[in-house]
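Undergrad:
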Amino acid sequence: MSLEAGIPSDINAIRKGQPTKVAYVGAGASYVKFYVESDPMKLMSPHMSKMVHTGQAWMQDPETGERRLMEFEDLEKKYPPRLRVEITTPQRNNRKNVVIKDVNDAIKRKYAPEWALYKEGKTPEQVGLALVKWEHIDAEFAEELKIRQGLATVEQLAEVTDDVARTMREGFKLRSKARAYVSDKSNRGVMEHVNAKNDALEAQLAAQSKQIEELKALILDSKGNPAKSGGKK
């Protein structure tokens with residue numbers, strides 16, 4: 002996974018009381034999700050949102066020319082669906098820092114693996130092992146980790162920082178088991194790749210041997226002598 006370091010640039014995150022400075026330790030501290038936001042209320046500015054909620058969002062009707070309050074359909078036209086990214090960083094005391102940004106080329110490059118998954122229509126849970134399916138965590142605790150700290154897979158758990166692990170129930174023990182799982186999974190992947198290449202090589206050699214035997218049969222007669230070509234002498 003990817004590392005999100007520095008100060009959240011989303012002013013809404015700061016207004017909600019989220020930390021303005023976060024000590025991120027080690028790569029993989031943040032978990033990224035790309036998605037399409039279609040709710041106009043989540044796409045407009047805080048000022049516009051206030052205008053809508055207080056009944057001050059006026060507009061000129063394009064057909065009648067009369068001044069009227071904007072309706073939801075008007076907001077959908079003004080704020081069409083937009084591609085966004087949600088960056089979640091687990092923190093101490095069962096907290097998480099969530100920053101939502103519009104997607105641009107820099108974001109796509111920074112989170113290239115996650116962007117590739119999104120384009121394929123996949124989620125981290127589909128690629129990794131979901132915590133809810135892991136034998137070392139019960140379903141209730143898995144749901145708690147997902148809601149409070151944004152952790153959904155064993156691979157993500159393996160990357161949590163010491164500060165985060167310290168505040169989790171059996172955090173260091175679970176992280177150690179998660180890292181062992183990831184390491185074993187990686188080793189299995191290497192062996193499967195090697196075995197697949199060996200199988201392909203053996204199949205290729207078998208095919209070549211068969212071709213050689215067929216050529217020999219064409220060249221030699223039943224007594225092992227060179228086969229005579231047809232025609233008159």
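According to my numbering, the sequence shown is numbered sequentially starting from 2.
Yeah, the Cβ is synthetic: ideal placement off N, Cα and C, and Gly gets one too.
As an exercise, report each continuous alpha helix (DSSP H) stretch of at least 4 residues that is fully enclosed by the segment 135-187, in chain order.
TA: With a minimum length of 4 residues, the continuous alpha helix (DSSP H) runs that stay inside the segment 135-187 are 140-150, 155-158 and 163-168.
Undergrad: Between Leu206, Asp75 and Ala159, which lies nearest to glutamate 64 when the distance is taken from Cα to Cα?
TA: Here residue 64 refers to the residue found at position 63 when the sequence shown is read from its first residue. The residue with the shortest Cα to Cα distance from glutamate 64 is Asp75.
Undergrad: Between arginine 176 and valine 161, what straight-line distance do the alpha-carbon atoms span, to the nearest angstrom?
TA: By 1-based counting over the sequence shown, the position of residue 176 is 175. By 1-based counting over the sequence shown, the position of residue 161 is 160. Each residue's Cα considered, the two are about 7 Å apart.
Undergrad: Valine 128 and alanine 143: beta carbons closer than 8 Å?
TA: Locating residue 128 in the sequence shown gives position 127, counting from the first residue. Locating residue 143 in the sequence shown gives position 142, counting from the first residue. Going by C-beta atoms, valine 128 is not nearer than 8 Å to alanine 143.
Undergrad: Mind checking whether arginine 149 and lysine 97 have CB atoms under 8 Å apart?
TA: For the purposes of this step, residue 149 is taken as the residue at position 148 of the sequence shown. For the purposes of this step, residue 97 is taken as the residue at position 96 of the sequence shown. Cβ atoms of arginine 149 and lysine 97: closer than 8 Å.
Undergrad: In terms of residues, what are the limits of the beta strand (DSSP E) holding tyrosine 36?
TA: Locating residue 36 in the sequence shown gives position 35, counting from the first residue. Residues 32-38.
Undergrad: Note down the Cα distance separating methionine 42 from glutamate 141, rounded to an integer number of angstroms.
TA: Mapped onto the sequence shown, residue 42 falls at position 41. Mapped onto the sequence shown, residue 141 falls at position 140. Methionine 42 and glutamate 141: Cα-Cα distance of roughly 32 Å.
Undergrad: Nearest to valine 53 by CA position, among Phe73, Glu214 and His137, is which residue?
TA: For this step, residue 53 is matched to residue 52 along the sequence shown. The residue with the shortest Cα to Cα distance from valine 53 is Phe73.
Undergrad: Locate the beta strand (DSSP E) running through aspartate 103, then write down its first and last residues.
TA: The count along the sequence shown starts at 1 and reaches residue 103 at position 102. Taken as a continuous stretch (DSSP letters only), the beta strand (DSSP E) holding aspartate 103 covers 96-103.
Undergrad: I need the DSSP call for glycine 29, collapsed to helix, strand or coil.
TA: Looking up residue 29 in the sequence shown gives position 28. With a pLDDT of only 41 at glycine 29, under the threshold of 50, the placement of this residue in the model should not be trusted, and no figure is reported.
Undergrad: Kindly indicate which residue of Tyr36, Asp164 and Leu44 has the alpha-carbon position closest to the one of threonine 77.
TA: Working through the sequence shown from its first residue, we reach residue 77 at position 76. Here residue 77 is glutamate; the residue named in the question, threonine, does not match the sequence. With distances taken between Cα atoms, glutamate 77 lies closest to Leu44.
Undergrad: Look at the Cβ atom of leucine 158, then the Cβ atom of alanine 131, and state whether they are nearer than 8 Å.
TA: Within the sequence shown, numbered from 1, the residue matching residue 158 stands at position 157. Within the sequence shown, numbered from 1, the residue matching residue 131 stands at position 130. Not in contact: leucine 158 and alanine 131 (Cβ atoms no closer than 8 Å).
Undergrad: Does the separation of the CB atoms of threonine 89 and glycine 151 fall below 8 Å?
TA: Residue mapping note: residue 89 aligns to position 88 of the sequence shown, counting from 1. Residue mapping note: residue 151 aligns to position 150 of the sequence shown, counting from 1. Their beta carbons are under 8 Å apart, which means threonine 89 touches glycine 151 by this criterion.
Undergrad: Tell me proline 91's beta-bridge partners as DSSP assigns them.
TA: Taking the sequence shown and counting its residues from 1, the one referred to as residue 91 is at position 90. Note: proline 91 sits in a beta bridge opposite Lys97.
Undergrad: Going by Cα to Cα distance, which pick from Trp135, Val86 and Asp185 is closest to threonine 124?
TA: Mapped onto the sequence shown, residue 124 falls at position 123. Cα-wise, what sits closest to threonine 124 is Val86.
Undergrad: I'd like to check one pair, glutamate 38 with proline 82: are the Cβ atoms closer than 8 Å?
TA: Taking the sequence shown and counting its residues from 1, one reaches residue 82 at position 81. Taking the sequence shown and counting its residues from 1, one reaches residue 38 at position 37. The answer is yes: Cβ separation under 8 Å.
Undergrad: How would you call leucine 219, buried or exposed, if buried means at least 16 neighbouring beta carbons within 10 angstroms?
TA: Position 218 of the sequence shown holds residue 219. The residue in question, leucine 219, is exposed, as its Cβ has fewer than 16 Cβ neighbours within 10 Å.
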